[in-house]
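First to last, the sequence lines map onto chains S and F. Per the working numbering: the first sequence = residues 6 to 224. Per the working numbering: the second sequence = residues 6 to 224. From the three backbone atoms N, C-alpha and C, an ideal C-beta is built for every residue, glycine too. All values derive from a computational prediction rather than experimental measurement. Let me begin by presenting the structure, written as structure tokens, before commenting on it.
Protein chains: 2
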Amino acid sequence: MNDVTAEAMQGGRPRGRPKQRSDAEERQRIVALACELFLDVGYGGTTMDGVAARCGISKKTLYRLFPAKTDLFNAMVADNRRTMLALPRPDDDLPTADALAAIFRLDVEEADNNERLAFIRLAMADSDRYPEIAEAITQEGAEPALRLLTGWMARQQERDVLRPFPPRTAARMLMDMVFGVLVKRFPGDELQTREDRFAHARHCIDVFLNGLAERPAAR
Amino acid sequence: MNDVTAEAMQGGRPRGRPKQRSDAEERQRIVALACELFLDVGYGGTTMDGVAARCGISKKTLYRLFPAKTDLFNAMVADNRRTMLALPRPDDDLPTADALAAIFRLDVEEADNNERLAFIRLAMADSDRYPEIAEAITQEGAEPALRLLTGWMARQQERDVLRPFPPRTAARMLMDMVFGVLVKRFPGDELQTREDRFAHARHCIDVFLNGLAERPAAR
DNA sequence: GCGTTAAGAAACCCAAGAGTTTCCTAATGG
DNA sequence: CCATTAGGAAACTCTTGGGTTTCTTAACGC
Numbered sequence: 006m007n008d009v010t011a012e013a014m015q016g017g018r019p020r021g022r023p024k025q026r027s028d029a030e031e032r033q034r035i036v037a038l039a040c041e042l043f044l045d046v047g048y049g050g051t052t053m054d055g056v057a058a059r060c061g062i063s064k065k066t067l068y069r070l071f072p073a074k075t076d077l078f079n080a081m082v083a084d085n086r087r088t089m090l091a092l093p094r095p096d097d098d099l100p101t102a103d104a105l106a107a108i109f110r111l112d113v114e115e116a117d118n119n120e121r122l123a124f125i126r127l128a129m130a131d132s133d134r135y136p137e138i139a140e141a142i143t144q145e146g147a148e149p150a151l152r153l154l155t156g157w158m159a160r161q162q163e164r165d166v167l168r169p170f171p172p173r174t175a176a177r178m179l180m181d182m183v184f185g186v187l188v189k190r191f192p193g194d195e196l197q198t199r200e201d202r203f204a205h206a207r208h209c210i211d212v213f214l215n216g217l218a219e220r221p222a223a224r
Numbered sequence: 006m007n008d009v010t011a012e013a014m015q016g017g018r019p020r021g022r023p024k025q026r027s028d029a030e031e032r033q034r035i036v037a038l039a040c041e042l043f044l045d046v047g048y049g050g051t052t053m054d055g056v057a058a059r060c061g062i063s064k065k066t067l068y069r070l071f072p073a074k075t076d077l078f079n080a081m082v083a084d085n086r087r088t089m090l091a092l093p094r095p096d097d098d099l100p101t102a103d104a105l106a107a108i109f110r111l112d113v114e115e116a117d118n119n120e121r122l123a124f125i126r127l128a129m130a131d132s133d134r135y136p137e138i139a140e141a142i143t144q145e146g147a148e149p150a151l152r153l154l155t156g157w158m159a160r161q162q163e164r165d166v167l168r169p170f171p172p173r174t175a176a177r178m179l180m181d182m183v184f185g186v187l188v189k190r191f192p193g194d195e196l197q198t199r200e201d202r203f204a205h206a207r208h209c210i211d212v213f214l215n216g217l218a219e220r221p222a223a224r
């Protein structure tokens, strides 16, 4: 509808029945809905029939805008370049524990957070099975996050806040610990509520920082 | 062939062509080969055609011994009740870091270890997708392992080797950290060699113990 | 040889899911 | 009214994989 105006400006509307929404708009809408599906049931569990039904459109229209399922997925990844970790403010002089909590975004809203976690879960679960996807999702999500955290580690060591330790190793450790519990949901797992998981995450940060703390005569 | 003798003892061999191997034997052989496949390509990636081909038998025979794919899988899980973690000797007075290295079995042979890790990887990757499997594998593998480690944590705290800390939380932390890197293989991951991964695991144990160490006036 | 059982090869059935096509019904400009 | 484009509904193709069946051949006891 809105593109009618745009079209009109550049030499009259084309013949025939106008599109209900512009392609760009419709793509956005589809990606958003498909995203929910992907995050909910994974790549393999998401069917194009399901996406079409969810969007209230026919497969024909869907395939016109996204010729293949992978295109849809890639569009979602590109769209969803929200970071797993938050960039720390360069001038941050928070206590280290709070700084890490901020980096891991232990403060975001429930809805936002669920989406982010579902994304991470998807990355962990499906990257083995669909190698086509693995690269995109790993390179867009995990690797930048790891680099971000590695940089932070190195900086804290330079400031003598943390004892010397291979920073990338440390970053990986912490990510495995925190995301391990933020993401997994085993059948009979405790740590069901958001509060449980965040408490666990803070425990992880606590032990981690304590284990890496600069001390006069440690161990 | 070997069961000919057994059969003969209990009232003569049955009519017709004898089986090439006894059912029990053949089942064992199939489970062993199927295991490699499951561990290699996952539950979803393993096809019954593939199993039959690998075993050099026909699907008919395969289905006579295992009426469904899940039966085959369950047989493998039951057969494979090898523990993810090693039971610590109750009188262990190793240094704590070595004790943990032993519990995580950072000393086992390469072949054994690959199998164990493949099993853990399978558990982590497929338990979301195939709920039928999730329970078996989680209940047989992850939960006992977590309990084992939790018990060890509690004991070290009683002995004042570790500072007071929710033991199950601590156990989970450490498992996520260690298995996270032992198990994952991302496309562009470093930590490719066994040595790299074990070095990382020891680093994890180091930081973890340091973070939980009993200290006169910690923090 | 004959009845009987084992077992392979290969065709087959069935369901699911990606992707395509056909047919029909809007909506619009001319 | 008519050409033209959008788009839904649904049938269709094709592939994959779990599971079944048919046909044939091999191996035994009698």
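- Comparing alpha-carbon positions, the option among F:N79, F:S63, F:M182, F:L38 lying closest to T143 (chain F) turns out to be F:N79.
- Chain F has no Cβ within less than 8 Å of the Cβ of L167 (chain S).
- Here A147 (chain S) is buried: its Cβ has 16 or more other Cβ atoms, across all protein chains shown, within 10 Å.
- Within 8 Å of the CB of C209 (chain S), the CB atoms of chain F belong to M178, in sequence order along the chain.
- Residue environment analysis places L111 (chain S) among the buried positions, since at least 16 neighbouring C-beta atoms fall within 10 angstroms of its C-beta.
- DSSP, reduced to helix, strand and coil, places A73 (chain S) outside both helices and strands of the structure shown, so it counts as coil.
- Taking a cut-off of 8 Å for Cβ pairs, the segment 203-220 of chain F and the segment 201-215 of chain S touch, as three or more such pairs fall below it.
- Under the Cβ criterion of 8 Å, G61 (chain S) is not counted among the residues facing chain F.
- Of the candidates S:R199, S:H208, S:L187, S:R59, the residue whose Cα lies closest to the Cα of F124 (chain S) is S:L187.
- Around the beta carbon of D181 (chain F), 16 or more other beta carbons lie within 10 angstroms, which makes this residue buried.
- With a contact defined as Cβ atoms closer than 8 Å, T155 (chain F) and P172 (chain F) qualify at about 5 Å.
- About 12 Å separates the beta carbons of L167 (chain F) and M178 (chain F), which is beyond the 8 Å limit, so they are not a contact pair.
- Taking the Cβ atoms as the reference, L153 (chain S) lies roughly 7 Å from L92 (chain S), within the contact range of under 8 Å.
- Against chain S, the beta carbon of M182 (chain F) has neighbours under 8 Å at M178, D181, M182, G185, listed in chain order.
- Shown here for R207 (chain S): same chain residues with a beta carbon closer than 8 Å to its own, the five before and five after excluded, namely A102, A106, L111 in chain order.
- Ranked by how close their Cα comes to the Cα of V36 (chain F), the residues F:P19, F:A83, F:V46 have F:A83 in first place.
- Residue contact check for V82 (chain F) against chain S: no CB pair falls below 8 Å.
- Taking 8 Å as the threshold, the shortest C-beta distance from N79 (chain S) to chain F does not fall below it.
- F213 (chain S) reaches chain F at V212, G216, counting residues in chain order whose Cβ is nearer than 8 Å.
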